[in-house]
Structures are given as structure tokens and as C-alpha cells.
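Number of protein chains: 2
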Amino acid sequence: MASIKEGASGGGAAKPVAQRLLATATRLFAEQGYDRTSVQEIVDAAGVTKGALYHYFGSKEDLLHEVYGRVLRLQQERLDRFADADAPVEQRLRDAAADVVVTTIENLDDTKIFFRSMHHLSPEKDKQVRAERRRYHERFRALVEEGQHTGVFSADVPADLVVDYHFGSVHHLGTWYREDGPLSPQQVADHLAGLLLRALRP
Amino acid sequence: MASIKEGASGGGAAKPVAQRLLATATRLFAEQGYDRTSVQEIVDAAGVTKGALYHYFGSKEDLLHEVYGRVLRLQQERLDRFADADAPVEQRLRDAAADVVVTTIENLDDTKIFFRSMHHLSPEKDKQVRAERRRYHERFRALVEEGQHTGVFSADVPADLVVDYHFGSVHHLGTWYREDGPLSPQQVADHLAGLLLRALRP
DNA sequence: TGGGACATACCGACTGGTTAGTCTGCCCCT
DNA sequence: AGGGGCAGACTAACCAGTCGGTATGTCCCA
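Going down the list, the sequences are from chains A and B. The opening position of the first sequence corresponds to residue 1 in full-length UniProt numbering, with each subsequent residue numbered one higher. The opening position of the second sequence corresponds to residue 1 in full-length UniProt numbering, with each subsequent residue numbered one higher.
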């Protein structure tokens, strides 16, 4: 329901207008912020007009919500994959923690928007997004708790706080990570996952 | 130059208008975001009119910049105090790391604004704020490096990344910390500083 | 084969409302 | 009597969303 109204375009043209609009909006939102980006700017940059945008999307906010949906679905799916793997819990947590870093860096525009503009959503959509985020948080927390119960992680720190601790660093990536910096996404991920696992050593 | 045009008010009235405006703006910016808060709202909530606001501040952006200046000065001063203390480096880092958490929670409105609205500043002011943040970052990094050189901290993770790691969690506080939650500011600070120090164990 | 009926995809001028900032002037203290 | 401190109406710009219109395509029945 939250997905784009099929671009149809029978034969298979160059680039569906709806997707071009979403990609353009994502870039502009990340660069200038949601409120600072006008609908006119988006359609100009995408080479269409408002008529096209409002043909595919119900509102400007729908564009934002669409970005959120994409990120959430992607991250949740990947987390589930790693958490369900057949490996010791410390390995599963390490893999999941590192993966979310890589995925975040690879979609840095989306995640910048995600964390900066969350509070721009209408109460209704905000509630939905929060619910999905909570599911994600809880899945991650379950990994930490499992390790604490089996004794491979230190138990004298609340699991919730540990999760927020790690996601703080993930959240923060958009602020400091530069593509032309000295570290590859995978290197950053390995370092951050390493720090987390060491912080959890009993 | 970046400070408020003296409220004068010779004798010492109830509450200087300039400070009331700044406090009101801070609250509203934190609640609704900078762009979503109109100047009219601010002056209404402060019980004055636009004439008063533009008498004391050059622009809406000046209000934001003023909030930034306050936070930056406060945090820098406190960091310097802890970093200069006469104690082993692991103790100084722990104290500094915990203190910034407590200070952040105690000024959660300011820091929410700080991290959310940074990119709303004009290039000129943005440059200035960045420079001050960098000084702060470097002071903190020096502590990590000192410990790495003297061997009390593991050296196989870049010091810059460690600093961003910790400040990620600080940055993130505004997202999850609730006053009516189970943890006091000091408890959160102790946990986060503990995690950092354990992550750095050789 | 042709043509009417209808739908999809998009255009772009327009509207109603909001906004930051200005300006003139009053009031009160010194 | 002069100026700081403020009021409040005003302006010029901008913005999300609307709406009537057009061009192109598809389906169906004769």
C-alpha cells in the first residue's frame, strides 16, 4: 500500500518517471533537508512538472514516507537474515552490527533523511514508522540478551542501552563519514562491530 | 560578536526580554524543528512582538546560532577541565566521556537542536560552528591517543573513529532518552563511559 | 479498417495561505 | 528632549496543492 503506483509504461522506456522523482527527491532531501526542498525544485531537477508528481504521489510527505519504507524494509530484512543464521550469538551479533553499518553507508542519503526528518512526518505515518523501528530495535536487543543470558556478554549493562549505543554510532555516520576518507565502508563496519563486541566482553 | 545585545534594563527587571526570547525559541526549535517554528510563534509564546525580537536579534538564524554558541562554549569548557585534570588518562577519559553525557541530557533541548538543525545555518556561520566542533573533537581525540601511546588503550582502532563512536551515542540521546525512563542521567553516563572504556581495553 | 469511448500520463497557470523581515511611530525613562 | 525599547501593520516572496486541459494509447464493436 505504501508503494508507488506502477509506472506502467508498457514497452519499457528509459526511466520510469515515478522512480526518477523518488530518486531526485531523496538526493535533494539529503542535501538540503525536507523543509528546504520545494516541490518545484524536485520536479525541475527530475525534468517533469508538478502534474506528474501529484499524479504518482499523494503529497510531498508521501515522498518522504516512501524513502522511509525503503530503508526500513531493507534493514529489517538484512537483520532477520543475520539474526536467524546458524552461528554462535557473538558471531551473529557481530555480523548484524557490521552489516547495518555497511548498508547505512551504502545508502547514506536515505539514512541521513531518515534520522534528520523523522519528526516531519504526520502523526499517523510517524506512528507507523516508529512501530517498524521498534520491531527492528527489539530484534537486535534479543541478540544482546541472548548473549547476556548465555554468559558470553557482560550482563551489567541494560540491553536496550547497548542497542541505542550501537545505533548512535550508526546514526552518526551521516555526520562524519566521507566517501573519499581513509576508511572503506567495510573497514568502518569491522571497527564499529569490534568496538561493540569488546564493550560487551564479560 | 555572537552574543546577545545586552538587555541593559539598568536596575534588573523580572526577566530580560532577550533571554526570554532565546529560551522560548530553544524550546520551540527542539519541539518542532527550526523550519517549522515561525518567528510569530516565538514572539507570541514569549509574550512580545516581532519588533522586540528584531530589536535584539538580527535574524531568525541568529537565534539558532546563539543556541549553538551556548552549547559549544559549555561543553568545551567542561571538556578542558576534565582533560587537564591530574589523573591517569583512563580516568580523565572516563570522566570526560561521562560528563558530556550528563551535560547533554541536562540540556537535551539544546543538543537536539544542535544535531538536527546544523545544516540550516548559513555557510558562514556553519563554518564557524564546524571549526569550534573540530577543536572539541580534537581535544577529545588527544585523550584517546594519549592512552593508546602509553599502552592503556588498544591501538588497533583509529582514534578519530573512537571519538565519533562515542559522540554517536551522545548524539543519539535526544532520540531515546526520556526523563521518566528507568535510568538517571548519571546512570546513563556511567554505562556509556563504561562501554567506551571497555571497548578500548587492550 | 475505422472510429467512438474511455483511461493514463502529464502540463502549467493559478490560488489561498504562510513567512521572514521592515518600517513608522508611540511610550517611558533619564 | 532625546533615545532605547518595543508595538503592530505591512510587504514581497514563496510554497503546497489544485484544476482544467491536452496528447497518447487501448479496447471494443461495426
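In this text, a Cβ means the ideal position worked out from N, Cα and C, and glycines have one as well. Remember, predicted model here, so these are calculated numbers, not experimental data.
Name the chain A residues whose beta carbon is nearer than 7 angstroms to that of residue i?
| i | result |
| --- | --- |
| F167 of chain B | H172 |
| R116 of chain B | R116 |
| H149 of chain B | Those within 7 angstroms of H149 of chain B in chain A number zero; the least Cβ separation is about 19 angstroms. |
| H119 of chain B | G33 |
Which of helix, strand or coil does DSSP assign to residue i?
| i | result |
| --- | --- |
| T34 of chain B | Residue identity differs from the one stated: residue 34 of chain B is Tyr in this sequence, not Thr. Y34 of chain B: coil per DSSP, three-state reduction. |
| A155 of chain A | coil |
| G51 of chain B | helix |
| L183 of chain B | coil |
| Y56 of chain A | helix |
| D86 of chain B | coil |
| L15 of chain A | One point to set straight first is that residue 15 of chain A is Lys, not Leu, in the sequence displayed. In the structure shown, K15 of chain A sits in coil (DSSP, three-state: anything other than H, G, I, E or B). |
| T26 of chain B | helix |
| T104 of chain A | helix |
| Y177 of chain B | coil |
| L121 of chain A | coil |
| R139 of chain B | helix |
| G10 of chain A | Model confidence at G10 of chain A stands at a pLDDT of 33, short of 50, so the residue's coordinates are unreliable and nothing is read from them. |
| R201 of chain B | coil |
| L150 of chain B | Sequence check: residue 150 of chain B is Thr here, not Leu. Of the three classes helix, strand and coil, the one that applies to T150 of chain B here is coil, per DSSP. |
| A189 of chain A | helix |
| G194 of chain B | helix |
| S3 of chain B | Residue confidence for S3 of chain B is low, a pLDDT of 37 falling below 50, so the modelled location carries little weight and cannot support an answer. |
| R20 of chain B | helix |
Residues of chain B with CB closer than 8 angstroms to the CB of residue i, please, in chain order.
| i | result |
| --- | --- |
| D35 of chain A | G33, D35, R36 |
| L72 of chain A | Neighbours of L72 of chain A on chain B: none; closest Cβ ~16 angstroms, over 8 angstroms. |
| H55 of chain A | Near H55 of chain A there are no residues of chain B at all, since even the closest Cβ is about 27 angstroms away, more than 8 angstroms. |
Quick one: which chain A residues come within Cβ less than 9 angstroms of residue i?
| i | result |
| --- | --- |
| D164 of chain B | S169, H172, L173, T175, W176, Y177 |
| L143 of chain B | Going along chain A, no residue has its Cβ under 9 angstroms from L143 of chain B, so there is no contact; the nearest lies around 16 angstroms. |
Determine the chain B residues that contact residue i at a beta-carbon separation under 9 angstroms, and present them in chain order.
| i | result |
| --- | --- |
| G194 of chain A | D156, V157, A199 |
| L28 of chain A | Near L28 of chain A there are no residues of chain B at all, since even the closest Cβ is about 13 angstroms away, more than 9 angstroms. |
| L93 of chain A | Going along chain B, no residue has its Cβ under 9 angstroms from L93 of chain A, so there is no contact; the nearest lies around 14 angstroms. |
What residues from chain B crowd round residue i, counting only those whose CB sits closer than 7 angstroms?
| i | result |
| --- | --- |
| L63 of chain A | Residues of chain B passing the Cβ test: none, with the nearest at roughly 17 angstroms. |
| L108 of chain A | Going along chain B, no residue has its Cβ under 7 angstroms from L108 of chain A, so there is no contact; the nearest lies around 14 angstroms. |
| L22 of chain A | Result: empty, since nearest Cβ-Cβ is about 21 angstroms, beyond 7 angstroms. |
| L79 of chain A | By Cβ distance, chain B contributes nothing, its closest Cβ being about 18 angstroms from L79 of chain A, past 7 angstroms. |
Assuming residue i and residue j form a contact by the criterion Cβ under 8 angstroms, report the distance between their Cβ atoms to the nearest whole angstrom.
| i | j | result |
| --- | --- | --- |
| V163 of chain A | R198 of chain A | With 8 angstroms as the limit, V163 of chain A and R198 of chain A do not qualify as a contact, their Cβ atoms being about 16 angstroms apart. |
| R139 of chain A | L79 of chain A | 6 angstroms |
| H120 of chain A | L64 of chain A | 7 angstroms |
| F82 of chain B | R73 of chain B | Going by Cβ atoms, the distance from F82 of chain B to R73 of chain B rounds to 15 angstroms, so no, they are not a contact pair. |
| Y165 of chain B | I105 of chain B | Y165 of chain B to I105 of chain B, Cβ: 19 angstroms. No contact. |
| G168 of chain B | G168 of chain A | 4 angstroms |
| Q187 of chain A | Y136 of chain A | Contact doesn't hold; Cβ gap of about 24 angstroms is too wide. |
| T117 of chain B | F29 of chain B | It is Ser, not Thr, that sits at residue 117 of chain B in the sequence shown. Indeed they touch by this definition, with Cβ atoms about 7 angstroms apart. |
| G151 of chain B | P202 of chain B | 7 angstroms |
| A189 of chain B | V101 of chain B | 4 angstroms |
Are the segment 86-105 of chain A and the segment 22-39 of chain A touching, with three or more C-beta to C-beta distances below 8 angstroms? Touching, no.
Assess contact between the segment 57-71 of chain A and the segment 117-132 of chain A, defined as three or more Cβ pairs (one per stretch) separated by less than 8 angstroms. Is contact present? Touching, yes, given that three or more Cβ pairs across the two stretches are closer than 8 angstroms.
Do the segment 18-27 of chain B and the segment 42-52 of chain B make contact, defined as three or more Cβ pairs closer than 8 angstroms? Contact between the segment 18-27 of chain B and the segment 42-52 of chain B is present, because at least three Cβ pairs lie under 8 angstroms.
Tell me, please, whether the segment 176-193 of chain A touches the segment 110-129 of chain A by the rule of three or more beta-carbon pairs shorter than 8 angstroms. As far as the Cβ criterion goes, the segment 176-193 of chain A does not touch the segment 110-129 of chain A, which means the pair count is below three.
Give a yes or no on contact between the segment 167-178 of chain A and the segment 100-113 of chain A, applying the rule of three or more CB pairs nearer than 8 angstroms. Counting Cβ pairs under 8 angstroms, three or more are found: they touch.
Is it a yes or a no for the segment 135-154 of chain A touching the segment 74-91 of chain A, going by three-plus beta-carbon pairs under 8 angstroms? The segment 135-154 of chain A is in contact with the segment 74-91 of chain A.
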